[in-house]
Every structure is written in C-alpha cells, then in structure tokens.
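Inspection log for the structure reproduced underneath, given as structure tokens.
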Amino acid sequence: MSEISLTVNGKRVSGTAEDRTLLVHFLRENLGLTGTHVGCDTSQCGACVIHVDGKAVKSCTMLAVQASGSSVVTIEGLADGADLHPMQAAFKEHHGLQCGFCTPGMIMTATDMVNRHPEGLDEATVRAELEGNICRCTGYHNIVKAILAASETMSSKGKARQAA
Ligand code: FES
Ligand code: FES
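Each residue of the sequence shown is one higher than the one before, starting from 263 at the first, in this note's numbering.
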C-alpha cells in the first residue's frame, strides 16, 4: 500500500491504495468522484479521460501512485461555480449526448483539444483528435458540432469577434 497525495479539482486530497490501483479507480472508489467513467479499462474507449497537470490523460492508463503530487481535474471540477463550462454548455445546446456514458471523457478530451488550439478548430481536426474517444450511441455528428461551437466561443478568434 502507498500513501497518495494530490490536488483534485483545486483541493489537496490524500488516501492509501495498493500500488496496482489505477488512477480512475482511486478517483471513483477512494474519492467518490464517479463522474469519470470506466468503459474498457484497457485504454481504448476514452470514457475515463481527465486532466493531469493540464493535459488530457486516460486515467485507466495511469497508476494512482504515479499521479501522486500532480494536479488533477475531473469532470466535477471543470465548471466554474454554478455555471457550466463552455464545453458543457455546447454539448447541452447541440445535443452532444444520448446515454451520456462517454460524455465526461468526451468533454475532458474536447476541452484539452480547444486549449491546445487557441486559434480555433476545424471539423477534420476535431474528428482526428476524437479518435481515442468512443461513443457507443454513435452521436458523433452532434458531438463534433458541439466541440466546434465551443471552440468558436473559447478561441481567440471568437473572443475577438465578440469584443468587436
Ligand atoms: Fe480508460 Fe476506456 S476506461 S480508455
Ligand atoms: Fe451514449 Fe456516447 S452518448 S456512449
């Protein structure tokens, strides 16, 4: 067993887990953050994507002990207060979810994608970068629409347009 101490959604947390415990299980079972889903456990579906030190990571590919000392954001910590994050708002507005199982991972991947492309995104880039996230409801069309809309709101181009 190891003592694991990290920052999750802005709060310092700690807990004890076996060395083989995956980060996703530590988040869900030790910390009760069940918004991060487990679809495959083998790095294929993207349901478990969170941000570790500002980058999208499949939390089933990382051991909890490896995350010790890191700063983690899960879907529960993405929004600022009561308001939805612009990516969450775009998924809601453009009907980017059906059963919702893939949605937390999609949103965390999409947010990282937009953060890495402050100049904005095009459809081909969104589709290519979503390769690691699977939606079993096959709602990709609206998911892509939602990400493009959020990119427009969050990008430097979109902000400049709103300010004009
Ligand atoms: Fe992590 Fe599927 S549960 S990629
Ligand atoms: Fe059902 Fe994507 S909305 S798995």
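Yeah, the Cβ is synthetic: ideal placement off N, Cα and C, and Gly gets one too.
Considering only residues of the same chain and omitting the five flanking positions on each side of residue i, which have a CB-CB separation below 7 Å?
| i | result |
| --- | --- |
| Val335 | Asn271, Ile312, His313 |
| Ser330 | Ile266, Ser267, Leu268 |
| Phe353 | Leu359, Thr365, Ile369, Ala408 |
| His356 | Asn404, Lys407, Ala408, Ala411 |
| Gly297 | Thr336, Ile337, Glu338, Pro366 |
| Val275 | Leu268, Leu293 |
At a cut-off of 6 Å, is residue i close to ligand 1 when judged by its beta-carbon and the heavy atoms of the ligand?
| i | result |
| --- | --- |
| Asp303 | yes |
| Lys317 | no |
| Gly339 | no |
| Ala309 | yes |
| Cys397 | no |
| Val300 | yes |
| Lys320 | yes |
Given residue i, which residues of its chain have a CB within under 6 Å of its CB, disregarding the five upstream and five downstream residues?
| i | result |
| --- | --- |
| Thr247 | One cannot answer for residue 247 here, as it falls past the ends of the chain, which runs 263 to 426. |
| Cys397 | Cys364 |
| Leu295 | Leu289, Thr336, Glu338 |
Does residue i come within less than 7 Å of chain B when only Cβ atoms are used?
| i | result |
| --- | --- |
| Met324 | Note that chain B does not occur in the displayed structure, where there is just one protein chain. |
Please classify residue i: is it buried, with 16 or more other beta-carbons within 10 angstroms of its beta-carbon, or exposed?
| i | result |
| --- | --- |
| Ser413 | buried |
| Ala390 | exposed |
| Thr400 | exposed |
| Ala386 | exposed |
| Thr371 | buried |
| Asn377 | exposed |
| Met324 | buried |
| Ala279 | buried |
Could you tell me how far apart the beta carbons of residue i and residue j are, in whole angstroms, since I believe they sit closer than 8 Å?
| i | j | result |
| --- | --- | --- |
| Gln350 | Leu340 | 7 Å |
| Ser305 | Lys320 | 5 Å |
| Ser333 | Pro380 | Not a contact, Cβ separation roughly 21 Å. |
Kindly examine ligand 2 and report whether one of its heavy atoms sits closer than 6 Å to the Cβ of residue i.
| i | result |
| --- | --- |
| Phe363 | yes |
| Gly401 | yes |
| Leu392 | no |
| Gln360 | yes |
Please list, in chain order, all residues of the same chain as residue i whose beta carbon is under 8 Å from its beta carbon, the five residues on each side excluded.
| i | result |
| --- | --- |
| Val300 | Val286, His287, Arg290, Ala309, Cys310, Cys322 |
| His347 | Leu340, Ala341, Ile369, Thr373 |
Is residue i near ligand 4 - that is, is its Cβ less than 6 Å away from at least one heavy atom of it?
| i | result |
| --- | --- |
| His287 | This structure does not include ligand 4; its bound ligands are ligand 1 and ligand 2. |
* For the segment 291-332, which segments carrying the beta strand (DSSP E) assignment without a break, of at least 3 residues, lie completely within its bounds, in sequence order? -> 311-314, 317-320
* Taking the runs of the alpha helix (DSSP H) that are 4 residues or longer, which of them lie wholly in the segment 326-375? -> 348-355
* Which parts of the segment 391-423 are runs of the alpha helix (DSSP H), unbroken and 4 residues or longer, counting only runs that do not cross its ends? -> 402-416
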